[in-house]
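Under my numbering, residue 118 is the last one in the sequence shown; the count climbs by one each step, no gaps.
Report on one structure; see the data block that follows.
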Amino acid sequence: MADIERYRKMFQEAESHADYWIDGPITEFVEDLARLMEEQRVTRAELARRLGTSRAYITKMLGGNANFTLLTMVKLAMALDGAVHIHISDKRAVTRWRDKIPGKGNKAARKARKPSKPAAEGGE
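As structure tokens, this is what we get:
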């Protein structure tokens, strides 16, 4: 039982630091970026050309190994005719996003569950 209590305290301590919470949103952003690229059949080279940067930079971004500023995220989204949406909720909440593209009907809507908590802490 002492081990369980020790791990619980470690998680509580980790939750108090911003670094603990950053991986989830970065992963979600990168997954959405990759999905848009696939839907539009945009290669890393083409995205790099649109942004006036290198393919290596795009590869780094898609690997989640970059410092994602809001400006960087907006530029990446705009290059794919996308938009960045930011939402703050109770950290225990599970947020559900639904995108509906005007003129495409309900079949074009994408349903996704976006956890507010990292998977290691009981999120999805």
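Where a beta carbon is used, it is the ideal one built from N, C-alpha and C, also for glycine.
If only uninterrupted alpha helix (DSSP H) runs of at least 4 residues are considered, those enclosed by the region 50 to 74 are 64 to 73.
When DSSP states are grouped into helix, strand and coil, R29 belongs to the helix group. For R35, there is no enclosing beta strand (DSSP E), since its DSSP letter is neither H nor E. Only buried fits I52, as 16 or more other CB atoms lie within 10 angstroms of its CB. With a cut-off of 8 angstroms on Cβ pairs, the region 12 to 20 is not in contact with the region 34 to 51, counting fewer than three such pairs. The DSSP-derived three-state label of D84 is coil. Counting other Cβ atoms within 10 Å of its Cβ, D26 reaches 16 or more and is therefore classed as buried. Beyond the five residues adjoining it in sequence on each side, D75 comes within less than 6 angstroms, by CB distance, of no other residue in the same chain.
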